[in-house]
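From first to last, the protein sequence lines stand for chains Y and Z. For the first sequence, our numbering begins at 80 and goes up steadily by one. For the second sequence, our numbering begins at 80 and goes up steadily by one.
Number of protein chains: 2
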Amino acid sequence: MTDFKSQEFRHALGAFTTGVTIVTTCDADGEPVGVTANSFNSVSLDPPLVLWSIAKTARSLGAFAHSGHWTVHVLSAEQEGLSDRFARRGEDKFAGLETETGSNGCPLLTGCAARFQCRTSFEYDGGDHLILVGEVVAFDREDKAPLVFHGGRYALATRKGGESPAADEPHSFSEDFLGYLVGRAHYQFLGALRGELEEQGLTDPEFFALSTLLQRGTQSQAALDELMRHSGFLPQFSPLTRLAARHLLEAQTVEGAPGYALTASGRAVVVRLVAVAKAREADLVEKLGQWDARVLKNLLKQMIALTDNGTVKVWHPQDGRAA
Amino acid sequence: MTDFKSQEFRHALGAFTTGVTIVTTCDADGEPVGVTANSFNSVSLDPPLVLWSIAKTARSLGAFAHSGHWTVHVLSAEQEGLSDRFARRGEDKFAGLETETGSNGCPLLTGCAARFQCRTSFEYDGGDHLILVGEVVAFDREDKAPLVFHGGRYALATRKGGESPAADEPHSFSEDFLGYLVGRAHYQFLGALRGELEEQGLTDPEFFALSTLLQRGTQSQAALDELMRHSGFLPQFSPLTRLAARHLLEAQTVEGAPGYALTASGRAVVVRLVAVAKAREADLVEKLGQWDARVLKNLLKQMIALTDNGTVKVWHPQDGRAA
């Protein structure tokens, strides 16, 4: 056990994960007041009570202590900016925000994961904070991914694997190697296209070349070569000449350099493939859930940034979506 | 706003994410007592106060109310089982657990993300719960991923992307298509091997075939064919005969069927490649952080389970690790 030091105490408290809330009320002049707080928690079901704590030095202490009513907004993952805004002092925090007025008379923010309109039941001493316990007089909830705070930073939450569909096959994934998992996920995702690709006699690099041309328009040979190198396909499989021989691509000059464009038949083929990929994506995101899909994308982006060896720029989407 | 209903109220409260704690004390006979609680939160820095709530109907209420001391253990992601154990009634919760005794006389559990040893400062009425506010007399912390609770289920927390290294290239990842991201992550991961693979004149399917034989031993041709099909490589790139012609594989009979084994030179080549992949993995996990690597693996496993079309079994690791 550590000796007591304030900085270390804060750090240790940060080990406890919390959601993030904004609590609103009105001051004596009827002006809206709001603060960001992560000290919220549930207390009682019958009567329905919740609590949070406010610093005794807070400028808005008087408003919360005297109004007798306040509303807790549990923030969604999209509301990080709102959390920052209400955590700062001295700004007109409500400027430009669309708010409603709750049945308890307090400002209601929109787009939150949950809202609890309260009437103060108790105010308790809590050292340098005041503990406010309120009875919930109305509440609502939207199915939104929560904003999470941990270790002094914002975070995202995702379901634990044990609760996921993968739990049906408890022994299938003892393989815990990231390189293996990401490769398998990639190839299984592409599996939905496999039949169509085989029917068209297209290899993976050929599909990548075609879909890039679909999304980004005509490209120089140099840009496409760079793309193929990034994708890890070896030069002997370079698909461009074969695709041109099949009349799926045609040679074109791009800013004075040799390049390729899709032909009408090439476009028809790849549009169908991209549609299959998009349907696969939509199905997968629905089954994973919006939250987990968001977290997975976030982590894959981190992985991509961390394994980038300078070949990223070619894949950088500029004005469209790559398949 | 919804009319008040207890089930819906619980559901709405679940929108607020929390960590999970076990709070321990000793009863009048000196026996250890402990309960799982997610109503913990920080209150005050000076004096250092924390709080949690216990149901007035809880069997252990008397012990907590009378002992004057209790210790809050913030659980780590590995302690889900411990959380479940202390959430159940009537079991000998401490059976088989290694505990220490804290300076406040309460049992100390090990392997937690943080521990706060407290002396009761206040006991406040909280409807059907008692709110216990304690002064922290000692605490410690370990850098462990937290166990998280959200929407009535366990969850994992991960940093938000905005805080990640990817933030250095704010526009690089506007592409938000999961199929694209997982493919790019895969090819960039393999990029570390690209030089070595080119030097050896090996294609990706050839590397996959060799590494499978390294990890799982001699395989029948049928099993390897199935593996290649799962991986999405087209039959015309089937690597087995070419690898055999290069004396990296040799034909062998596997349970009466034709199959392949690594030769000594094949083993030497693939051992080196797998070593590069493992170094890449270790570097990546260190940079991502143990937590985020864990969450990413968890989500990739879900993605694999959700995109599996019955070809998984071949890749199912039985007794070793695939590269």
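Backbone N, C-alpha and C define an ideal beta-carbon position, used for all residues, glycine too.
| task | Could you tell me the distance, in whole angstroms, from the CA atom of glycine 160 of chain Z to the CA atom of serine 118 of chain Y? | result | Going by the C-alpha atoms only, they are around 26 Å apart.
| request: Consider the Cβ of tyrosine 339 of chain Y: report whether some Cβ of chain Z lies at a distance smaller than 8 Å. | output: Output row for tyrosine 339 of chain Y: interface = no.
| What span of residues does the beta strand (DSSP E) with proline 225 of chain Z cover, start to end? | Premise fails: proline 225 of chain Z is in no beta strand (DSSP E) and is neither H nor E.
| query | Mind pulling the chain Y residues with CB within less than 7 Å of threonine 96 of chain Z? | reply | Thr96, Thr97, Gly98, Pro225, Val227 and Ala236
| query | Of all the CB atoms in chain B, is at least one closer than 8 Å to the CB of histidine 265 of chain Z? | reply | Among the protein chains in the structure shown, which are Y and Z, there is no chain B.
| said: At the level of alpha carbons, what is the spacing between cysteine 191 of chain Y and alanine 347 of chain Y? | reply: 43 Å
| said: For serine 182 of chain Z, count the other beta carbons within 10 Å of its own beta carbon; 16 or more makes it buried, fewer makes it exposed. Which is it? | reply: exposed
| request: Count the other C-beta atoms from every protein chain shown that fall within 10 angstroms of the C-beta of arginine 359 of chain Z, then say buried if there are 16 or more, exposed otherwise. | output: buried
| query | Does the segment 97-105 of chain Z come close enough to the segment 127-139 of chain Y to have 3 or more Cβ pairs within less than 8 Å? | reply | no
| Presumed contact (8 Å Cβ cut-off) between glycine 184 of chain Y and histidine 145 of chain Y, rounded CB distance | Between histidine 145 of chain Y and glycine 184 of chain Y the Cβ distance is about 13 Å, and since that is not below 8 Å, they are no contact.
| request: Count the other C-beta atoms from every protein chain shown that fall within 10 angstroms of the C-beta of arginine 194 of chain Y, then say buried if there are 16 or more, exposed otherwise. | output: buried
| For leucine 130 of chain Z, which three-state DSSP category applies? | strand
| Cα-Cα separation, glycine 113 of chain Y to alanine 91 of chain Y | 27 Å
| message | Quick check: does the Cβ of threonine 136 of chain Z come within less than 7 Å of any heavy atom belonging to the ligand PLP? | response | Of ligands this structure carries none, so the ligand PLP is not represented either.
| request: State the CB to CB distance for the pair alanine 288 of chain Y and leucine 319 of chain Y, rounded to an integer number of angstroms; the pair is presumed to be in contact (CB under 8 Å). | output: 6 Å
| What is the residue span of the alpha helix (DSSP H) that threonine 320 of chain Z lies within? | 319-324 is the extent of the alpha helix (DSSP H) around threonine 320 of chain Z.
| query | Does the beta carbon of histidine 90 of chain Y come closer than 8 Å to any beta carbon on chain Z? | reply | Any Cβ of chain Z closer than 8 Å to the Cβ of histidine 90 of chain Y would place that residue at the interface, and such an atom is present.
| query | Using a Cβ-Cβ distance under 8 Å, would threonine 103 of chain Y count as near chain Z? | reply | no
| query | Would you say serine 162 of chain Z reaches chain Y, if we count a Cβ-Cβ gap shorter than 8 Å as a contact? | reply | no
| Buried versus exposed call for histidine 208 of chain Y [16 or more other C-beta atoms within 10 Å across all chains shown] | Buried, by the Cβ-count rule.
| Is it buried or exposed for arginine 167 of chain Z, if we count other Cβ within 10 angstroms and need 16 for buried? | exposed
| query | Tell me, which residues are paired with asparagine 120 of chain Y by DSSP? | reply | Y/Leu130
| Residues that leucine 260 of chain Y contacts on chain Z, provided the C-beta gap is smaller than 9 Å | Leu375, Lys376, Leu379, Lys380, Met382 and Ile383
| message | Using a Cβ-Cβ cutoff of 9 Å, what residues of the segment 191-209 of chain Z are near chain Y? List them in chain order. | response | Cys191, Ala192, Ala193, Arg194, Phe195, Gln196, Ser200, Phe201, Tyr203, Asp204, Gly205, Gly206, Asp207 and His208
| said: So the candidates are Y/Asp387, Y/Leu341 and Y/Val333; which of them puts its Cα closest to the Cα of alanine 324 of chain Y? | reply: The option with the nearest alpha carbon to alanine 324 of chain Y is Y/Leu341.
| query | For the putative contact between glycine 93 of chain Z and histidine 229 of chain Z, defined by C-beta atoms under 8 Å, what is the C-beta separation to the nearest angstrom? | reply | 7 Å
| Exposed unless 16 or more other CB atoms sit within 10 angstroms - verdict on alanine 224 of chain Z | buried
| Beta-carbon separation of threonine 189 of chain Y and glutamate 177 of chain Y under 8 Å? | Against a cut-off of 8 Å, the Cβ pair of glutamate 177 of chain Y and threonine 189 of chain Y comes out as a contact.
| request: To the nearest angstrom, report how far apart asparagine 377 of chain Z and tyrosine 233 of chain Z are at their CA atoms. | output: Taking the straight line from one Cα to the other gives about 13 Å.
| Element boundaries [beta strand (DSSP E), containing serine 200 of chain Y] | 193-205
| field | Local Cβ density within 10 Å of threonine 136 of chain Y, reported as buried at 16 or more and exposed below that | value | exposed
| field | Local conformation of leucine 188 of chain Y per DSSP, three classes | value | In the structure shown, the three-state DSSP call for leucine 188 of chain Y is coil.
| Could you give the residue range of the alpha helix (DSSP H) that holds valine 333 of chain Y? | Here valine 333 of chain Y belongs to no alpha helix (DSSP H); instead the beta strand (DSSP E) covers 328-333.
| For alanine 372 of chain Z, which residues in chain Y fall below 8 Å Cβ to Cβ? | Leu257
| message | My output table needs one value for alanine 401 of chain Y: the three-state DSSP class, helix, strand or coil. | response | For alanine 401 of chain Y, the pLDDT reaches just 34, beneath the cut-off of 50, and the residue's location in the model is therefore unreliable, although a value from the coordinates is still provided. Note: alanine 401 of chain Y maps to coil in three-state DSSP.
| said: Given this structure, state the Cα-to-Cα distance separating aspartate 219 of chain Y from leucine 269 of chain Z, to the nearest angstrom. | reply: If you take the alpha carbons of aspartate 219 of chain Y and leucine 269 of chain Z, they lie about 48 Å apart.
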